[in-house]
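Peer 1:
Residue numbers (the working numbering): 1469 to 1576.
Printed below as a string of structure tokens:
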């Protein structure tokens, strides 16, 4: 595993996401584009997805607590979350039950 992936793996553990929170994030970031410059706004995008698309209800997640959790992530942790969601959509994970796939991708 490369150095960046090792750092991302550690950062994902530090983020403290639940499986349902990670599923919500993966769902929300489908076809979204984030970069290192916009990673700090992850919380806002997830908040919008909850408010506008009802993803908090779909995944049975407390949207206020999740947004607060995401606001408290540092840049590396935010990028690790975004990277995991991107790997989900780019990889073979779409053919696996989403909760199991998210556990694999997010290391949960």
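Built from N, CA and C at the ideal position, the CB exists for glycine as well.
Alpha carbons only, please: which of 1518, 1489, 1559 is nearest the one belonging to residue 1537?
Peer 2: Locating residue 1537 in the chain shown gives position 69, counting from the first residue. Nearest C-alpha to residue 1537: 1489.
Peer 1: To which residues of the same chain is residue 1477 closer than 7 Å at the C-beta, ignoring the five residues directly before and after it?
Peer 2: Here residue 1477 refers to the residue found at position 9 when the chain shown is read from its first residue. Closer than 7 Å at Cβ, skipping near neighbours: 1575.
Peer 1: Going by Cα to Cα distance, which pick from 1564, 1548, 1570, 1556 is closest to residue 1504?
Peer 2: Position 36 of the chain shown holds residue 1504. Ranked by Cα distance from residue 1504, the first of 1564, 1548, 1570, 1556 is 1548.
Peer 1: Of all the alpha helix (DSSP H) runs that stay within the bounds of the stretch 1504-1573, which reach a length of 4 or more residues?
Peer 2: Here the runs fully enclosed are 1510-1521, 1523-1526, 1531-1539, 1543-1558.
Peer 1: Let me make sure I understand the geometry here. Which of 1539, 1486, 1492, 1530 has the alpha-carbon closest to that of residue 1511?
Peer 2: For the purposes of this step, residue 1511 is identified with residue 43 of the chain shown, where counting begins at 1. Checking every option, the nearest Cα to that of residue 1511 belongs to 1539.
Peer 1: Pop quiz: residue 1556 and residue 1570 are said to be a contact at Cβ under 8 Å. What is the actual Cβ separation, rounded to whole angstroms?
Peer 2: The count along the chain shown starts at 1 and reaches residue 1556 at position 88. The count along the chain shown starts at 1 and reaches residue 1570 at position 102. At roughly 7 Å, the Cβ-Cβ gap stays under 8 Å, so residue 1556 and residue 1570 are in contact.
Peer 1: Three-state secondary structure (DSSP) at residue 1489?
Peer 2: Counted from its first residue, the chain shown places residue 1489 at position 21. In the displayed model, residue 1489 falls within a helix according to three-state DSSP.
Peer 1: In three-state terms, what does DSSP make of residue 1475?
Peer 2: As a position in the chain shown, residue 1475 is number 7, starting the count at 1. Of the three classes helix, strand and coil, the one that applies to residue 1475 here is helix, per DSSP.
Peer 1: Between 1483, 1493, 1481, which has its C-alpha nearest residue 1528's C-alpha?
Peer 2: Start at 1 with the first residue of the chain shown, and residue 1528 comes out as number 60. Nearest of 1483, 1493, 1481 to residue 1528, Cα basis: 1493.
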